[in-house]
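Protein sequences, first through last, are from chains D and H.
End of the first sequence sits at 910 in my numbering; the numbers just go up one at a time, nothing left out.
End of the second sequence sits at 910 in my numbering; the numbers just go up one at a time, nothing left out.
What follows is one structure encoded as structure tokens, with my remarks underneath.
Protein chains: 2
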Amino acid sequence: MKIFTFTFTFKFKPGILRTTMIILSGGTGTPKLIDGLRNLLPDEEITVIVNTGEDIWSSEVFITPDIDTVLYLFAGILDKTRWWSIIGDTYNTYHQMKELGLSEILMLGDRDRAVNLARTDMLKKGMTLTEATADISKSFGIRAAIIPMSDDVITSMIETPRGQMHFQEFWVTHKGTPDILSFEYRGIGEARLSPAAKVALEKEDCVIIGPSNPMTSIGPILALPEIKEILKTKKVIAVSPIIGNEAVSGPAGKLMAAKGLDVSSKSVAALYKDFIDVFVYDIRDGVLNPEDIEKMGIKAVALDTMMTDEERRTELAREILKLFNLLSV
Amino acid sequence: MKIFTFTFTFKFKPGILRTTMIILSGGTGTPKLIDGLRNLLPDEEITVIVNTGEDIWSSEVFITPDIDTVLYLFAGILDKTRWWSIIGDTYNTYHQMKELGLSEILMLGDRDRAVNLARTDMLKKGMTLTEATADISKSFGIRAAIIPMSDDVITSMIETPRGQMHFQEFWVTHKGTPDILSFEYRGIGEARLSPAAKVALEKEDCVIIGPSNPMTSIGPILALPEIKEILKTKKVIAVSPIIGNEAVSGPAGKLMAAKGLDVSSKSVAALYKDFIDVFVYDIRDGVLNPEDIEKMGIKAVALDTMMTDEERRTELAREILKLFNLLSV
């Protein structure tokens, strides 16, 4: 727990609270929040540190799904019905491959495949994932900083009764149905926080931990060395991806249960308790007792976190920016 | 030279001469002739041994352009305006890659890319190119036998004043403009004729050497060990890809000149003289003296080899089948 007495300067423009913001993001919930933030802050004042623990080699390319989602969001081409892939993309290669008996783990659109081919080409030429991401960002005219959590390869592996499998295989190929015996971030022991992420974190005061899966999206970021110590020195607001005893989307619940955790916002807060200042939970959450959060020394704030349309995404983002303001009072 | 006294049995059906036929093929001229043959013979009686000397790794896939052309021809999806690629294919990945600054040496369509991805996947799993080609043929419902000349990697490299480059780079990227100082089939020293091609050749009597580039299409096939000795025991008809002093299409002329050869049908016949029985040249060829061919112990036959429409392709194929018949009289 930190004392709320930072010198913390917001830049204002009429009616809109502004600051430079770092967001830790996975692939679905947090991009929705970023979508809202983009209506309040110029892109160049947004830095996103993105989970890479779900990265996978498939069809000869290195796919980093969460980075692609964030890239497409800022490029203005994200399919916001699915919150992954490029809007209007075609799937001609995918379907022809299927006819030839080759099923891809991830369904890559034709333009999406090009992005992954470009990235793979850069990595093979010796660029880091951070450099490749910056290069692709530039081509798309993106002004936000999109930074992979690490330049090292970390792979989320799930142990199931059917054997060990990559998280994407579990989630996409098997639709999340196998029981989870355990899971691990393979490679995390040797991985480092990406230097660019470290520099960005050193420069900024405000960090949002988005409503992404605390096990496979935020978990790998927090498992990197140094990151928790750095977050302890920042103003950090986390948004819960759980309402009651269920994840808003994705396999977070099943993965938390596999770690012996209650599927609840309280469990999420407990995971983050050493380095967050405010914990945002959903107004519909009938299970959470905010006093349990306050007992951890964290301010609990109930907000509408169901970001089902752009207005609600912007509203949640606005409330979070206000909370940062309050933190500095 | 062989004496024309084989026991040679044609199977007839009313009006159409039939036999099982092996064709040595490159990527443009010969597929046109095969297109004609398909109107006279059922596909299962056609075996094509295809040049692989122009194969190239590009965009993470192993592209074997001549095999793809023959595959698409038999699958009924070849773009017969260009004589490469799939008709109606889209180029969404290609264009998106270009926007990201990544130019492909070969312009792959989206469905075409899928075929190359499937092949690459099979090769990486340990299949030979022959097996991968058979697998893809089966998926396309192809009944002809399409056999790569070799399962080993042979790469046509061109030495130019701008440096050494892959044949495809010379022909596609640089549009065939650099001077050719020399060229080589890299890897040919260790390469073997594919076992399937050898078995097919042992079984059949009739071989057509199609009107493909004698340097980069037919040349690599003939440079493989054993093939010339095998051809000496067969009835072989070769079709010249040269009319007068020019190649009908492609860079054959420039490559022949680089080898110190006259660009002429006579030069082509001289390259093939040890193992062909009949040499077909174009009725428009004002340079060739057929007596020069006959002096090599080869029958010279003037035919219309400009296969600009399906009727003319079928007509040339029909004349060639008739010639095989005459060979056995």
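All C-beta atoms, glycine included, are put in the ideal place defined by N, C-alpha and C.
Check	Outcome
By the 10 Å Cβ neighbour count, where 16 or more other Cβ atoms means buried, how is D:Val861 classified, buried or exposed?	buried
State the start and end residues of the unbroken beta strand (DSSP E) segment that holds D:Val820.	816-820
What residue range does the beta strand (DSSP E) around D:Met571 cover?	Since the first residue of chain D shown is 582 and the last is 910, residue 571 of chain D is not available in this structure.
For the segment 666-687 of chain D, which residues have a beta carbon sitting closer than 7 Å to at least one beta carbon of chain B?	In the displayed structure, chain B is absent; the protein chains listed are D and H.
Could you tell me which chain H residues have their CB closer than 7 Å to the CB of D:Asp702, listed as they occur along the chain?	Leu683
List the residues of chain H whose Cβ lies closer than 8 Å to the Cβ of D:Asp691, in chain order.	Thr671, Asn673, Thr674, Gln677, Asp691
Whose C-beta lies closer than 6 Å to the C-beta of D:Met582 among residues of the same chain, with five residues either side of it excluded?	Residue placement at D:Met582 is flagged as unreliable, the pLDDT there being 40, under the threshold of 50; a coordinate-derived value is accordingly withheld.
When DSSP labels each residue in this structure, what does D:Arg845 get in the three-state scheme?	Residue 845 of chain D is actually Ser in this sequence, not Arg. Coil at D:Ser845, not helix or strand.
Taking C-alpha atoms, which residue in H:Ala883, H:Leu762, H:Met888, H:Pro729 lies nearest to H:Gly744?	H:Leu762
Beta-carbon of H:Arg694 versus every beta-carbon of chain D: anything under 7 Å?	yes
By Cβ distance, which residues of its chain are closer than 6 Å to H:Asp863, with the 5 residues on each side in sequence left out?	Ile824, Thr886
Flag D:Leu621 as yes if its beta-carbon sits less than 7 Å from any beta-carbon of chain H, otherwise no.	no
In chain order, which beta strand (DSSP E) runs of at least 3 residues are fully inside the segment 747-799 of chain H?	763-767, 787-790
For H:Leu884, name the three-state secondary structure that DSSP assigns.	strand
Quick check on H:Gly669: does DSSP put it in helix, strand or coil?	coil
Which value, in whole angstroms, describes the spacing of the CA atoms of D:Met730 and D:Phe748?	18 Å
Which residues in the same chain have their Cβ closer than 6 Å to the Cβ of H:Thr645, if we skip the five residues on either side of it in sequence?	Thr633, Asp636
Would you mind reading off the limits of the beta strand (DSSP E) that contains H:Ala726?	726-729
Among H:Gly834, H:Asp786, H:Leu897, H:Phe905, whose alpha-carbon lies nearest the alpha-carbon of H:Thr814?	H:Asp786
I'd like to confirm the pairing. Which residues does DSSP put opposite H:Thr741 in its beta bridges?	H:Gly744
Which bits of chain D does H:Leu782 rub up against, with CB to CB less than 9 Å?	Going along chain D, no residue has its Cβ under 9 Å from H:Leu782, so there is no contact; the nearest lies around 28 Å.
Measuring straight from C-alpha to C-alpha, what distance separates D:Pro801 and H:Val642?	32 Å
Identify whether D:Ala898 lies in helix, strand or coil by the three-state DSSP scheme.	helix
Closer than 8 Å, Cβ to Cβ, to anything on chain D: give me those residues from the segment 843-857 of chain H, in chain order.	none
Let me make sure I understand the geometry here. Which of H:Thr674, H:Glu900, H:Ile790 has the alpha-carbon closest to that of H:Asp693?	H:Thr674
Kindly identify the DSSP beta-bridge partner or partners of D:Ala827.	Per the sequence presented here, residue 827 of chain D reads as Glu, with Ala not at that position. The partner list for D:Glu827 (beta bridge, DSSP) reads D:Ile824.
Whose C-beta lies closer than 6 Å to the C-beta of H:Tyr853 among residues of the same chain, with five residues either side of it excluded?	Ala819
For chain D, is any of its Cβ atoms less than 7 Å away from the one on H:Ala656?	no
Keeping to the same chain, check which residues put their C-beta closer than 6 Å to that of D:Phe585; ignore five residues upstream and five downstream.	In this predicted model, D:Phe585 has a pLDDT of only 41, less than 50, meaning its place in the structure is not dependable enough to derive any value.
Short check: CB of D:Phe655 to CB of D:Ala725, under 7 Å?	yes
If H:Gly791 sits next to H:Ile604, beta carbons under 8 Å apart, how far is it from one beta carbon to the other, in whole angstroms?	6 Å
Which residues in chain H have a C-beta closer than 7 Å to the C-beta of D:Val642? List them in chain order.	Glu641
Count the CB pairs spanning the segment 612-623 of chain D and the segment 889-902 of chain D that are closer than 8 Å, and state whether there are at least three.	yes
Identify which residue in H:Pro822, H:Leu842, H:Thr609 has its Cα closest to the Cα of H:Asp866.	H:Pro822
According to the neighbour-count rule (16 or more other Cβ atoms, all chains shown, within 10 Å of its Cβ), is D:Thr889 buried or exposed?	exposed
Using three-state DSSP, classify H:Val631 as helix, strand or coil.	strand
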